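Chains as they are written, first to last, in this note's numbering: chain C, 1 to 438; chain Y, 1001 to 1438. Backbone N, C-alpha and C fix where the C-beta goes; we use that ideal spot for every residue, glycine too. Here the structure is a predicted model, which means the values were calculated and not measured. Encoded as structure tokens, the structure appears first; notes follow it.
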């Protein structure tokens, strides 16, 4: 990470370690490993700050060699030590870098604490959180970092905040892209595709330049399928299959609605697929879904409800929540992101699957190639996934899938200028934004 | 729970189970156990509602025997089944009831999902969440319950929402009392003590009447020490030592500040006590605290910083966060509530302790009896705790402790009318509300 110039803002005193103290600590220090708590910002000239001691006066910090890795931290946040040297931590896995965009927003405010607590990647997986915000949200990012510090999570070994994706995505092994512009008054879906598409084109380029070559990317910011497509097209050096668009909240809501209708607890519902776009053309699949292992259509015999009400119930959930709660569903969205990650890092239970919006190339369902489409997947728990073979289709399902496929192809034509495929031409006949996601 | 009258609001269809479906399910049903997902409201006349299917038209529900336990649920939320009959759940512990007040607020919005995920009470502890809100927040409570449903937590077996503590606290084994009125413009601490004191007097009476006889109560709503005192005085049939005032966020912040100053990771800091009131008179104790097992005063030799800056840094953290983040610290407060619960349900690590605001009767430190005062505690992990014996005092620490003790005695005199000890008389010389907790 090239940091051209280091000047200290007003909030970081240097470490006041003395030689008498170092004797307690030296056994733990090891310069091979960079496991520090540091926070980075680059605004025009690069600056470094930490989230703590905000009452302290400005302190001058020595400019360091911009090429050295240690140049982006100092003082108390630049401790280098070796987890292998401590009894409690020596059996831990290697630290992983998790980048999160929109990190000052409400979804992230739930998600980051879940990631840091160990409930996502396990109790032996130390993590570094790299938080991407905007100039406007930078102070809020500092607040988030302060709260993460006050939470004393043993597994959270590094926090970095910044507004430049080329810095924040450095060596990222996971990129959770939550940040996106919300739709303003009078803005059409085509405008939103263009505005957010530009953000995801830039982030794709940044991932391509600096992230781990096997980074897993989960796009949450809407319109997430086409944003994911733009992102992967701008990151040709990263496998296209590593990019996901989040449809897991839709899957979870579909399971809940099927459980409610059948009068069973939701843990009895399995094999639910969300097909296609994260929009109102999405297809929650009740043909292949099961309840207690039995096809849903045998359990829920009210097929009229399945065909005419079920999909709407899933889709209107977000809008109903906003009406009730006055805010969009940040907490359950964060839970569904956790579910999506866990589905990739733990083996899928025998006979079941999960939904994810992924690149269609090589899919066995006849979905047109070259788009990001939610489909049923299984994982061995290695971060990768494969398509499920044993799904069936009927005319109802095929017709619905064709419609959402057509929409994604139209969205793709809209953003051709962002995927390097010519001039964008937008012909989106209707507004298919999900209620509650404006 | 006496429910005088049942009328259905507009949102709950009855279960549409058919006999053909019941064959799949009957093996799992068992009327001995009441493990359903139901939501309750009592507004003047009792009403029952569920959080789901809010697009459905009004449905009439049969009035049931108000004395039967099943009277507070119906339809799909009234499933009764036996966790012991299922392979996945038969080794689970008995369901516990956790009541949370202020359940529609931001702290709860973080906390409830942590409780439901299993990270607090463990992966084999099914839980029932009983959510207390107000008439005004009732719709938001429904939204929270909907998000909990959409999260598909396997351990979350019951959700009930309501505005009457006598219903919501029924059989509660934990009561997390987060809700309190915030201080309005021009309101003095004495006013706040009175207004919130009335809430906690009522909740104490309700706990006394309907909660488990060994309920553990954690008071978070401010002024939390005196609120906890009022609560326990109104609940004479529950052991006074079961009541806690949350000072864990202060402890966590103190650990973080000591770590930052010493240049160590925060997991090296132990034996930190917060003494006294959750206010600016609180005493973060650096005399007994340790870093890597060594007394802090030997590690941090800048004793002027310890005596003059450390306490302020801990106390100003909340205000600094509001400035940065624009909101109060809901996420890290929720983490500290989780820490406080875990400290009671897991054995305290050898040689360490945790802080909690507890009833002073029988304390070995010479603190005056009859108040709620934060002190160092240890637990065997059974929900109970004992005072730590091996702490030392010096003049600096004793002087500070005397001041916070005097404040709590003054607060106690303020609320004498709420604790059954005469006429309240308020003489609070200064505003000791912590920054960021207005």
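What do you reckon, are the CB atoms on residue 1267(Y) and residue 435(C) nearer than 7 Å?
-> Position 267 of the second chain, counted from the start, is the residue given in the question as residue 1267(Y). Position 435 of the first chain, counted from the start, is the residue given in the question as residue 435(C). The criterion of a C-beta distance shorter than 7 Å is not satisfied by residue 1267(Y) and residue 435(C).
Which class does residue 1353(Y) belong to by DSSP, given the choice of helix, strand or coil?
-> Within the second chain, the letter at position 353 stands for residue 1353(Y). Here residue 1353(Y) sits in coil by DSSP.
Assign residue 250(C) to one of two classes, buried (16 or more other C-beta atoms within 10 Å of its C-beta) or exposed (fewer than that).
-> By 1-based counting over the first chain, the position of residue 250(C) is 250. Note on residue 250(C): 16 or more other CB atoms within 10 angstroms of its CB, so buried under the neighbour-count rule.
Partners in chain Y for residue 123(C), counting only beta-carbon separations shorter than 8 Å | Numbered from its first residue, the first chain carries residue 123(C) at position 123. Near residue 123(C) there are no residues of chain Y at all, since even the closest Cβ is about 10 Å away, more than 8 Å.
Compute the distance between the beta-carbons of residue 1359(Y) and residue 1241(Y), then report whether it is under 7 Å.
-> The count along the second chain starts at 1 and reaches residue 1359(Y) at position 359. The count along the second chain starts at 1 and reaches residue 1241(Y) at position 241. Result yes, Cβ atoms of residue 1359(Y) and residue 1241(Y) sit closer than 7 Å.
Rounded C-alpha distance that separates residue 1491(Y) from residue 158(C) = Outside the shown range of chain Y (1001 to 1438) lies residue 1491(Y), about which nothing can therefore be said.
Which residues in the same chain as residue 423(C) place their Cβ atom closer than 8 Å to its Cβ, once the five residues preceding and following it in sequence are excluded?
-> Within the first chain, residue 423(C) is the residue found at index 423, counting from 1. Only 416, 417 meet the Cβ criterion.
Select from the stretch 309-326 of chain C all residues with a C-beta closer than 9 Å to any C-beta belonging to chain Y, and list them in chain order.
-> Cβ contacts with chain Y: 309, 312, 313, 316, 317, 320, 321, 322, 323, 324, 325, 326.
Measuring CA to CA, which of 294(C), 281(C), 300(C) is closest to residue 314(C)?
-> Start at 1 with the first residue of the first chain, and residue 314(C) comes out as number 314. Comparing Cα-Cα distances from residue 314(C) to each of 294(C), 281(C), 300(C), the minimum goes to 281(C).
Could you give the distance in angstroms between the alpha-carbon of residue 1429(Y) and the alpha-carbon of residue 1299(Y)?
-> Translated into the one-based positions of the second chain, residue 1429(Y) becomes position 429. Translated into the one-based positions of the second chain, residue 1299(Y) becomes position 299. So the alpha carbons of these two residues sit roughly 37 Å apart.
Drop a sphere of 10 angstroms on the beta-carbon of residue 442(C), count the other beta-carbons inside from all chains shown, and report buried for 16 or more, exposed for fewer.
-> Here chain C has residues from 1 to 438 only, and residue 442(C) is not among them.
So, helix, strand or coil for residue 1120(Y), using DSSP?
-> Locating residue 1120(Y) in the second chain gives position 120, counting from the first residue. For residue 1120(Y), the secondary structure class from DSSP, reduced to helix, strand or coil, is coil.
For residue 405(C), collect the residues of the same chain with a Cβ closer than 8 Å to its Cβ; drop the 5 residues on either side in sequence, then sort them by chain order.
-> As a first step, residue 405(C) is located in the first chain; it is residue number 405 there, counting from the start. Hits under 8 Å: 276, 367, 368, 371, 373.
So residue 335(C) is in the beta strand (DSSP E); what residue range does that whole segment cover?
-> Reading the first chain from its first residue, position 335 is the one you call residue 335(C). From DSSP, residue 335(C) is part of no beta strand (DSSP E) but of the alpha helix (DSSP H) over 330-345.
Short-range partners of chain C found in the stretch 1252-1270 of chain Y, where Cβ spacing is below 9 Å | Cβ contacts with chain C: 1252, 1253, 1255, 1256, 1257, 1259, 1260, 1261, 1262, 1263, 1264, 1265, 1266, 1267, 1268, 1269.
Per-residue DSSP class, three states only, for residue 1325(Y) = Position 325 of the second chain, counted from the first residue, corresponds to residue 1325(Y). Three-state DSSP puts residue 1325(Y) in a helix.
Delimiting residues of the beta strand (DSSP E) encompassing residue 103(C) = As a working mapping, residue 103(C) is identified with position 103 in the first chain. Careful: residue 103(C) lies outside any beta strand (DSSP E) and carries neither H nor E.
How about residue 1274(Y) and residue 1379(Y): are their beta carbons less than 7 Å apart?
-> To locate residue 1274(Y), count along the second chain from 1; it is residue 274. To locate residue 1379(Y), count along the second chain from 1; it is residue 379. Not in contact: residue 1274(Y) and residue 1379(Y) (Cβ atoms no closer than 7 Å).
Which of helix, strand or coil does DSSP assign to residue 1165(Y)?
-> Your numbering for residue 1165(Y) matches position 165 in the second chain. If DSSP states are grouped into helix, strand and coil, residue 1165(Y) belongs with the helices.
For the stretch 211-251 of chain C, which segments carrying the beta strand (DSSP E) assignment without a break, of at least 3 residues, lie completely within its bounds, in sequence order?
-> Segments of the beta strand (DSSP E) lying fully in the stretch 211-251 of chain C: 216-219, 243-245.
What residue does the beta strand (DSSP E) around residue 273(C) start on, and which one ends it?
-> Walking along the first chain from the start, residue 273(C) turns up at place 273. Per DSSP, residue 273(C) is one residue of the beta strand (DSSP E) stretching across 273-275.
Cβ of residue 96(C) within 7 Å of Cβ of residue 129(C)?
-> Within the first chain, the letter at position 96 stands for residue 96(C). Within the first chain, the letter at position 129 stands for residue 129(C). At the C-beta level, residue 96(C) and residue 129(C) stay beyond 7 Å of one another.
Verify the CB distance criterion: does residue 138(C) have a CB-CB separation below 7 Å to chain Y?
-> Locating residue 138(C) in the first chain gives position 138, where the first residue counts as 1. It does not; no Cβ of chain Y falls within 7 Å.
Whole-angstrom Cβ separation of residue 147(C) and residue 1115(Y), contact assumed at under 8 Å?
-> By 1-based counting over the first chain, the position of residue 147(C) is 147. By 1-based counting over the second chain, the position of residue 1115(Y) is 115. Separation of the CB atoms of residue 147(C) and residue 1115(Y) is rounded to 19 Å, and the pair is thereby denied contact status at 8 Å.
Are the C-beta atoms of residue 1335(Y) and some chain C residue less than 7 Å apart?
-> Stepping through the second chain from its first residue, residue 1335(Y) is reached at position 335. The C-beta of residue 1335(Y) comes closer than 7 Å to at least one C-beta of chain C.
Extent of the continuous alpha helix (DSSP H) to which residue 413(C) belongs | Stepping through the first chain from its first residue, residue 413(C) is reached at position 413. 395-414 is the span of the alpha helix (DSSP H), which, as asked, contains residue 413(C).
If we count the other Cβ atoms within 10 Å of its Cβ and call it buried at 16 or more, is residue 135(C) buried or exposed?
-> In the first chain, counting from the first residue as 1, residue 135(C) sits at position 135. Residue 135(C) is exposed by the Cβ-count criterion.
Tell me, please, whether the CB atom of residue 1119(Y) is closer than 7 Å to any CB atom in chain B?
-> Of the protein chains in this structure, namely C and Y, none is chain B.
Residue ranges of each beta strand (DSSP E) within the stretch 272-323 of chain C, 3 or longer = At a cut-off of 3 residues, the continuous stretches assigned as beta strand (DSSP E) that sit fully inside the stretch 272-323 of chain C are 273-275, 283-285.
Quick one: measure Cβ to Cβ for residue 1202(Y) and residue 1165(Y), integer angstroms, because I've assumed they're closer than 8 Å.
-> Translated into the one-based positions of the second chain, residue 1202(Y) becomes position 202. Translated into the one-based positions of the second chain, residue 1165(Y) becomes position 165. Going by Cβ atoms, the distance from residue 1202(Y) to residue 1165(Y) rounds to 7 Å, so yes, they are a contact pair.
Do residue 331(C) and residue 110(C) have their C-beta atoms closer together than 7 Å?
-> What you label residue 331(C) is simply residue 331 of the first chain in a count that begins at 1. What you label residue 110(C) is simply residue 110 of the first chain in a count that begins at 1. It is a contact, given that the beta carbons lie within the stated cut-off.
Buried or exposed (CB count within 10 angstroms, at least 16 for buried), residue 91(C) | Here the question's residue 91(C) lines up with position 91 in the first chain. A residue is called buried when at least 16 other Cβ atoms come within 10 angstroms of its Cβ; residue 91(C) does not meet this threshold and is exposed.
Exposed or buried, what is residue 303(C) when buried is set at 16 or more other beta-carbons lying within 10 Å of its beta-carbon?
-> Within the first chain, the letter at position 303 stands for residue 303(C). Residue 303(C) counts as exposed, since fewer than 16 other C-beta atoms from the protein chains shown sit within 10 angstroms of its C-beta.
Under the three-state reduction of DSSP, which class applies to residue 128(C): helix, strand or coil?
-> On the first chain, residue 128(C) is found 128 positions in, with the first residue counted as 1. Note: residue 128(C) maps to strand in three-state DSSP.
When the Cβ atoms of the stretch 185-196 of chain C are set against those of the stretch 119-127 of chain C, are three or more pairs found closer than 8 Å?
-> Output reads no: the stretch 119-127 of chain C does not touch the stretch 185-196 of chain C.
Does any residue of chain C bring its CB to less than 7 Å from the CB of residue 1143(Y)?
-> Taking the second chain and counting its residues from 1, the one referred to as residue 1143(Y) is at position 143. Residue-level contact by beta carbon holds for residue 1143(Y) and chain C, with a gap shorter than 7 Å.
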